[in-house]
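Data first, discussion second: the structure below is written as structure tokens.
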Amino acid sequence: MEALYLGDGARAWFAWHHVASGGAAAGGMALVIVPPFGHEALGAHRSLRHLALRAAAAGIAAWRIDLDGTGDSSGDDLDPQRVAAWCASISAAVDAARAAGASRVVLAGVRLGALLATLVATERGDLDGLIAIVPVVSGRKWLREMRALQAALGLPAAPAGARTFDGDEILGFAMTAATRDELTAIELHKLERPPAPRVCVIDRSDMAASQAWLAHLRALGSEVVHASLPGYVDMIADAHKAEIPEQIVATVLAQTTAWSEGTTRGSAGPGTEVPELPELREMSELREVREVREVREVPEVREVREVPEVHEARIGPILEQPLAIGGLAAIVSRPAAEPRPRRALILLNAGAVRRVGPNRMYVTIARRCAAEGALVVRADASGLGDSPAQPGHDERIVYGDTLAPDVRSLVAWCREAGARVIVLAGLCSGGFYAMEAAIEGESIAAMIPINPGAADLFAYQAAEDTERYRSSVRDAGKWKKLLTGQVDLRRLARSLWSRTRGQARVAAEHAARRLGRPLHSDRAARFVAAVAGGIQTTLVVCSTDPALPYLQKTIGELWPRLERAGFVLRVIEGPDHTFTPRWSQDVLADEVAAALHRVR
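When we follow the numbering used here, the leftmost residue of the sequence shown carries the number 49, and every step to the right adds one.
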């Protein structure tokens, strides 16, 4: 895997190049993968990464592109001319694939990415194939669906004085009125030219196929293969739950392989599953670390690659650089005018979400803090995002024994880069590991935990459930649900048991403190001691999040000592755990920037 930026200097588009096993020989096939939009892209990231890894292992060079204004690419949702910019970034990836030696290129897009890939393929006219995975065929219908999902969240309205924009919010992301109007006008079944000579459309097995578009493609002269397959819903679930849709991945690889060999698999009717090729089924079982090592050890890559060496890109007033820090995939942001800033901010993964953070908040925070003079590192811990899992460990371990060494590696790298004041920050598990680093004596100046989670997930869940049940006892409707059997009594019982167990543990720890013999397991006391020892701490929590009551209960009588040590508590009213409302993301960025400025 090779991380690089594409573009002409005005915009920088981040991409991964997965070099084909055996080298990217001239005349080979390349697969350019286009992600979906927003929240769907966060969940689908792992599956698309595995698709690229398996394609490279099968001898097909793979490219993953972050669309303009998304992921690690420059720009933002609020920028103008989104559709044109998205298409330009896809086209740049196609050009890069050809420059690296591929004579044939297949575009594979997912959902809105499939719509954009179709537009690019139609405009260029030089693609060898198009694979549309659960494609958005009508921009108008997709926007209607997104508005319905947004409404189902039931989020409160933005408070007075909050920053707003003209447009819609789409599950934590922005869709300006101009972008909405652009998408509304796009109907794939009205395109007048075929996007590619060969098209594979993969629809969801639980929904009706896009028959009008399939018929239109055939009428335009494209050779069409169609399959209805399961797995898409699991593919775009929350990052810690998302699963790889094996049949979809196998079908994409089988179809691309068939096209690269100049053969066709024929058209599969609606509801028909395209079978896996035996060799691809075996590839799906390869360990990811092994695949990555095989790609990295190809000696021919430097000889055939013609893409310019781009190690950093200018993103407004800052420079960004993709690096491997301690074997971890990371993006480093720093002010262009100051190559070795004195202060460094390390943003730790929020759960299993990759380094861009929920709703891409980490990118916003990193670029703002870098523009204000800090070195900022957004890194994927082992087994998360684009970092391979440690040998013997699974992916997506949010709370595990490999995370603490990762934090140490990042801190050490920042010191080597010249930083003398190092701050750890993160949402949920990222906040937890920032606190853990302080407890374990990591040499940091400050930490900014944001809605921090807990390794004891049962106790944390109990705190969350307790808060919810406490408000429910005054709700007659909730009592009606309980009496009519509409409440999950098993979960209620588990929460009550976990709460009782947690209360007993906390009581024992508090008793040991009063006796002057704190228990080693009393991490709350050790956290307070770390703050009192000089680690500046700003705790940022949402008013409805269980993090604050959980911490207050475990810290107990030591809370006044925490406040005397200069501990800063910032409570934000309104947002949910991951700051889905767009206005709250701006507020969070303000809080993190202010906390970083307080560190001396």
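From the three backbone atoms N, C-alpha and C, an ideal C-beta is built for every residue, glycine too.
Quick caveat: nothing in here was measured; it's all calculated off a predicted structure.
Taking a 10 Å sphere around the C-beta of V576, we find 16 or more other C-beta atoms and assign the residue as buried.
Per the DSSP secondary-structure output, M223 pairs in a beta bridge with D216. Shown here, F62 sits in a strand according to DSSP, grouped into three states. For A222, the number of other beta carbons within 10 angstroms of its own is at least 16, and it is reported as buried.
Nearest to G117 by C-alpha distance, out of T412, R152 and V297, is T412. When C-alpha distances from L191 are compared across G86, V635 and R211, the shortest belongs to G86. DSSP places H274 in the strand class (E or B) of the three-state scheme. Within a 10 Å sphere around the beta-carbon of Q303 sit 16 or more other beta-carbons, which makes this residue buried. Beta-bridge partners of L367 (DSSP): R362 and R382.
Linking E490 to L236 through their CA atoms gives a straight-line distance of about 55 Å.
Residue range S477 to I487 is occupied by the alpha helix (DSSP H) that includes G478. Between R246 and L178, the alpha-carbon positions lie close to 7 Å from each other. DSSP, read as helix, strand or coil, puts G173 in coil. If you draw a straight line from the Cα of I492 to the Cα of P370, it is about 23 Å long.
Cα atoms of R112 and W64: separation of roughly 5 Å, rounded to the nearest angstrom. Look at T450 here: in three-state DSSP terms it is coil, with no helix or strand label. V185 sits buried, since 16 or more C-beta atoms from the chains shown fall within 10 Å of its C-beta.
Beta-bridge partners assigned by DSSP to T585: M495.
Taken atom to atom, the span from the alpha-carbon of E386 to that of D124 is near 24 Å. Counting C-beta pairs closer than 8 Å gives fewer than three between the segment 202-210 and the segment 133-143, which falls short of the contact rule. Closest option to A572, judged by alpha-carbon separation, among I603, T585 and A104: I603.
In its chain, beyond the 5 residues on either side, P242 have a beta carbon closer than 6 Å to the beta carbon of G269. According to DSSP, residue pairing for R246 in a beta bridge involves E271. Excluding the 5 residues flanking it on each side, L54 has same chain C-beta neighbours closer than 6 Å at W61, A63, A140 and A144, in chain order. DSSP, reduced to helix, strand and coil, places D229 within a helical segment of the structure shown. In this structure V182 does not touch I138 by the C-beta definition: roughly 18 Å separates them, more than the 8 Å allowed.
For M77, the enclosing beta strand (DSSP E) begins and ends at G76 to V82. Here A595 really is in contact with V589; their C-beta atoms are around 5 Å apart, less than 8 Å. For V425 and H264, the gap between their C-alpha atoms comes out near 47 Å. Residue environment for P406: buried (at least 16 other C-beta atoms within 10 angstroms of its C-beta).
Note that the C-beta distance between A465 and T585 is not below 8 Å. In the three-state reduction of the DSSP assignment, A51 falls in the strand class. Per DSSP, A427 lies in no alpha helix (DSSP H) segment; the continuous beta strand (DSSP E) that holds it begins and ends at L423 to A427.
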